[in-house]
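In my numbering, the protein residues as written are 181 to 386.
Ideal Cβ placement from N, Cα and C applies to all residues, glycine included.
Fair warning: this is a prediction, and the values are worked out from it, not measured in the lab.
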Amino acid sequence: MHNTLDNLLNAAGIVISDKQKNLLIQYVDMLNKWNKAYNLTSVRDPQQMLIRHIMDSIVVESHLSGQRFIDVGTGPGLPGIPLAIVRPESHFTLLDSLGKRVRFLRQVQHELQLENITPVQSRVEAFPAEPPFDGVISRAFASLQDMISWCGHLPARPTGRFYALKGVLPEDELSSLPQDVLLDQVVRLSVPDLEGERHLVVLKPN
């Protein structure tokens with residue numbers, strides 16, 4: 181798996197330390213092991229996890245701005261844990277409403293000794309942002325409108341940002357954004373060996 185990860189990182193032009201590579205692979209090993217009992221992801225093959233979970237998460241890192249982030253609807257820690265591994269100077273709150281997922285996140289935190297993540301079991305609309313976050317990250321929400329509706333209290337104003345990971349660019353959602361947010365930028369992401377389009381939509385509070 182090390183060779184596969186090295187090849188993917190080289191193809192993406194991402195440089196990380198050997199320690200960070202080992203942590204990413206440990207995380208995939210844990211995800212694969214726990215998935216058998218907890219059904220954390222539909223991806224069953226660890227090699228595919230490297231592409232569809234690890235690389236799909238960390239290609240976003242260079243587009244983030246700030247130090248404090250919250251990953252809403254993180255599931256088994258995606259994209260928050262891979263981002264925390266490659267961005268150790270930042271802190272990531274990992275929010276999910278399901279107890280089994282948060283138990284997995286806490287086990288990852290313990291085994292990988294990640295000091296820059298905080299797993300939290302909560303519904304996003306009930307979670308207090310004290311203080312507000314530099315970035316609100318998600319690849320779980322069905323629509324940008326839902327993300328803004330449920331997470332509007334989370335980003336710092338005016339500097340905070342919403343970071344939504346999307347597949348095909350949702351033109352209809354972008355054309356009907358609520359008035360309290362503005363489109364900051366759209367980035368077409370390149371994920372090695374991943375079929376289909378990937379985009380990062382960055383929104384800012386208005």
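Residue ranges of each beta strand (DSSP E) run of no fewer than 3 residues wholly in the stretch 259-283, ordered along the chain? 271-276
If we ignore side chains and look at the alpha-carbon of each, how far apart do serine 329 and phenylalanine 313 end up? Against the sequence shown, residue 329 aligns to sequence position 149. Against the sequence shown, residue 313 aligns to sequence position 133. Their backbone Cα atoms lie some 16 Å apart in a straight line.
Which residue or residues does DSSP assign as beta-bridge partners of threonine 298? On the sequence shown, residue 298 is found 118 positions in, with the first residue counted as 1. Paired residue(s): Thr273.
Span separating the alpha-carbon of leucine 203 from that of leucine 278: Here residue 203 refers to the residue found at position 23 when the sequence shown is read from its first residue. Here residue 278 refers to the residue found at position 98 when the sequence shown is read from its first residue. So the alpha carbons of these two residues sit roughly 24 Å apart.
Output the distance between the C-alpha atoms of glutamine 200 and serine 237, rounded to the nearest integer angstrom. Position 20 of the sequence shown, counted from the first residue, corresponds to residue 200. Position 57 of the sequence shown, counted from the first residue, corresponds to residue 237. If I take the Cα positions, the gap works out to 14 Å.
Bridge-paired residues (DSSP) for arginine 248: Here residue 248 refers to the residue found at position 68 of the sequence shown. BP columns for arginine 248 point to His271.
Is it right to say alanine 306 is buried, meaning 16 or more other beta carbons lie within 10 angstroms of its own, or is it exposed? Taking the sequence shown and counting its residues from 1, the one referred to as residue 306 is at position 126. So alanine 306 ends up on the exposed side.
Given arginine 232, which residues of its chain have a CB within under 7 Å of its CB, disregarding the five upstream and five downstream residues? Locating residue 232 in the sequence shown gives position 52, where the first residue counts as 1. Contacts found: Val223 and Leu374.
Count the other C-beta atoms from every protein chain shown that fall within 10 angstroms of the C-beta of arginine 319, then say buried if there are 16 or more, exposed otherwise. By 1-based counting over the sequence shown, the position of residue 319 is 139. With 16 or more other Cβ atoms within 10 Å, it is buried.
If we call anything under 8 Å between Cβ atoms a contact, is leucine 383 one with phenylalanine 321? Position 203 of the sequence shown, counted from the first residue, corresponds to residue 383. Position 141 of the sequence shown, counted from the first residue, corresponds to residue 321. No. Outside cutoff.
Span separating the alpha-carbon of isoleucine 261 from that of aspartate 352: Numbered from 1 along the sequence shown, position 81 holds the residue referred to as residue 261. Numbered from 1 along the sequence shown, position 172 holds the residue referred to as residue 352. Straight-line Cα distance between these residues: approximately 30 Å.
Sorted by chain position, which residues of the same chain lie with C-beta nearer than 7 Å to leucine 363's C-beta, five sequence neighbours on each side aside? For this step, residue 363 is matched to residue 183 along the sequence shown. Closer than 7 Å at Cβ, skipping near neighbours: Leu354, Leu357 and Leu383.
7 Å CB neighbourhood of glutamine 365 in its chain, flanking five on each side removed: For this step, residue 365 is matched to residue 185 along the sequence shown. Closer than 7 Å at Cβ, skipping near neighbours: Val382.
Buried or exposed, going by whether 16 or more other CB atoms sit within 10 Å of the CB of proline 259? Mapped onto the sequence shown, residue 259 falls at position 79. When all chains shown are included, proline 259 counts as buried.
Using three-state DSSP, classify valine 208 as helix, strand or coil. Position 28 of the sequence shown, counted from the first residue, corresponds to residue 208. In the structure shown, valine 208 sits in a helix (DSSP, three-state: H, G or I).
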